[in-house]
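Chains as they are written, first to last, in the working numbering: chain A, 3 to 162; chain B, 3 to 162.
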């Protein structure tokens, strides 16, 4: 098997189970939490600080979908997938483990857990990555396993 | 077991496997797709119409997390969960089955597939709902199974 070339593209054959990465971090403030909630998750504990204090979480927290969206941004900007982009057909075991509050700073850790070629060559294969979204205290707030669509190296299938 | 009361609250005992619902619909336009992508999924096929035409999807499409966030809004606004709110600890089998393009109109269909009390009473239980996000052509663009946290009826545990 060839080693990865310096090409800007990254192919299925360039991924190895056990590869780990860590992204930059991004902050989230109250205004962003309120704006996301107004558009996508209009519930009192995401929308209103006073109502949130009296509610389930005891304070304002980000929509879980907001945390997911921020995680996507960190992953895209990490450059881990290089030019192929982050194209997923789905996510398994999405879990919200701890609330995300105003002022939190999130980053993402990932580990490739499966690289699955497909029988048709040169085809796309599937790369599964275990993703953890971690806050500034080192607490994991969200986990997921995206299933990513990754093209095989064009020469693949022609090699012996 | 008691039948649901006219209370604005809805409890675990008020959910039945096989219950189905359908939400209102919501449109998504190019500006919204571009704005979401700029904040959360900055990739060419979500960010730029010309680049998108040359890319994987052959045209501008919404971030999958945008479709997820719109689905959350439709579910929250449906009132299915009433006052208890939509509080999930996670989602299983999130799948993006078809692209969402500018001008699409989405609605959500749901079916309760599991109602799981917990041993500690009066406790919170888990309700699992199979959710389909469907476009204006009747095509399912996304599916998922959220795991929702639902309080048991307060009297539960005192009844014989």
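Glycine residues also receive a C-beta, built at the ideal position from the N, C-alpha and C atoms. Predicted model only: the values in this text are computed from it and were never measured.
Item to check | Buried/exposed call for residue 150(A), threshold 16 Cβ in 10 Å | outcome: Residue mapping note: residue 150(A) aligns to position 148 of the first chain, counting from 1. Looking at its Cβ environment, which holds 16 or more other Cβ atoms inside 10 Å, residue 150(A) is buried.
Checklist entry - Shortest alpha-carbon distance to residue 115(B) belongs to which of 141(B), 12(B) and 17(B)? => result Residue mapping note: residue 115(B) aligns to position 113 of the second chain, counting from 1. The option with the nearest alpha carbon to residue 115(B) is 17(B).
Next on the checklist: Against chain B, with Cβ distances strictly below 8 Å, would residue 143(A) count as a contact?
Outcome noted: If you number the first chain from 1, residue 143(A) lands on position 141. By this cut-off, residue 143(A) is not an interface position.
Checklist entry - In terms of residues, what are the limits of the beta strand (DSSP E) holding residue 27(A)? => result Taking the first residue of the first chain as 1, we reach residue 27(A) at position 25. Here the beta strand (DSSP E) through residue 27(A) covers 22-29.
Item to check | Within 8 Å, strictly: CB atoms of residue 94(A) and residue 95(B) | outcome: Reading the first chain from its first residue, position 92 is the one you call residue 94(A). Reading the second chain from its first residue, position 93 is the one you call residue 95(B). Going by beta carbons, residue 94(A) and residue 95(B) fall inside the 8 Å limit.
Checklist entry - Would residue 128(A) count as contacting chain B if we go by Cβ distances under 8 Å? => result Mapped onto the first chain, residue 128(A) falls at position 126. No, no contact with chain B.
Checklist entry - With a cut-off of 8 Å, do at least 3 Cβ pairs link the stretch 125-143 of chain A to the stretch 14-31 of chain B? => result no
Next on the checklist: Nearest by alpha-carbon distance to residue 146(B): which of 87(B), 104(B), 156(B) and 77(B) is it?
Outcome noted: For the purposes of this step, residue 146(B) is taken as residue 144 along the second chain, with counting starting at 1. For the residues 87(B), 104(B), 156(B) and 77(B), the minimum Cα distance to residue 146(B) belongs to 77(B).
Item to check | Cβ distance (whole Å) where residue 13(A) is taken to contact residue 87(B) below 8 Å | outcome: The sequence position of residue 13(A) within the first chain is 11, counting from 1. The sequence position of residue 87(B) within the second chain is 85, counting from 1. Not a contact, Cβ separation roughly 44 Å.
Checklist entry - For residue 68(B), is the classification buried or exposed, using 16 other Cβ atoms within 10 angstroms of its Cβ as the cut-off for buried? => result Your numbering for residue 68(B) matches position 66 in the second chain. It is buried - the Cβ of residue 68(B) has at least 16 other Cβ atoms within 10 Å.
Item to check | Sub-8 Å separation of residue 163(A) and residue 25(A) beta-carbons | outcome: Here chain A comprises residues numbered 3 to 162, so residue 163(A) is not present and cannot be evaluated.
Item to check | Residues, ordered as in the chain, of the stretch 69-81 of chain A that lie near chain B by beta-carbon distance below 8 Å | outcome: In summary, the residues of the stretch 69-81 of chain A whose CB is separated from some CB of chain B by less than 8 Å are 70, 71, 72, 74, 75, 78 and 79, in the order they occur in the chain.
Checklist entry - Nearest chain B C-beta to residue 3(A) closer than 8 Å, yes or no? => result As a working mapping, residue 3(A) is identified with position 1 in the first chain. Reliability fails at residue 3(A), whose pLDDT of 48 lies under 50, so the model's placement of it is uncertain and no value is given.
Next on the checklist: Considering only DSSP beta bridges, list what residue 119(B) is partnered with.
Outcome noted: Position 117 of the second chain, counting from 1, holds the residue named residue 119(B). DSSP output for residue 119(B) lists no bridge partner at all.
Checklist entry - By DSSP, does residue 68(B) sit in helix, in strand, or in coil? => result Within the second chain, the letter at position 66 stands for residue 68(B). If DSSP states are grouped into helix, strand and coil, residue 68(B) belongs with the helices.
Checklist entry - Can a CB atom of chain B be found closer than 8 Å to the CB of residue 88(A)? => result Here residue 88(A) refers to the residue found at position 86 when the first chain is read from its first residue. Taking Cβ atoms only, chain B reaches closer than 8 Å to residue 88(A), which makes this a yes.
Checklist entry - For residue 55(B) and chain A, any beta-carbon pair shorter than 8 Å? => result One-based indexing of the second chain puts residue 55(B) at position 53. It does not; no Cβ of chain A falls within 8 Å.
Checklist entry - With DSSP run on the structure shown, which of helix, strand or coil describes residue 128(B)? => result As a first step, residue 128(B) is located in the second chain; it is residue number 126 there, counting from the start. Of the three classes helix, strand and coil, the one that applies to residue 128(B) here is strand, per DSSP.
Checklist entry - Assuming residue 141(A) contacts residue 100(A) under a Cβ cut-off of 8 Å, what Cβ separation, rounded to an integer in Å, is found between them? => result Locating residue 141(A) in the first chain gives position 139, where the first residue counts as 1. Locating residue 100(A) in the first chain gives position 98, where the first residue counts as 1. Their Cβ separation, rounded to whole angstroms, is 5 Å, which keeps residue 141(A) and residue 100(A) in contact under 8 Å.
Checklist entry - At what residues does the alpha helix (DSSP H) containing residue 38(B) begin and finish? => result Position 36 of the second chain, counted from the start, is the residue given in the question as residue 38(B). Per DSSP, residue 38(B) is one residue of the alpha helix (DSSP H) stretching across 32-42.
Checklist entry - Taking 8 Å as the CB-CB cut-off, is residue 66(A) touching chain B? => result Taking the first residue of the first chain as 1, we reach residue 66(A) at position 64. For residue 66(A), the answer is yes, since a Cβ of chain B falls inside 8 Å of its Cβ.
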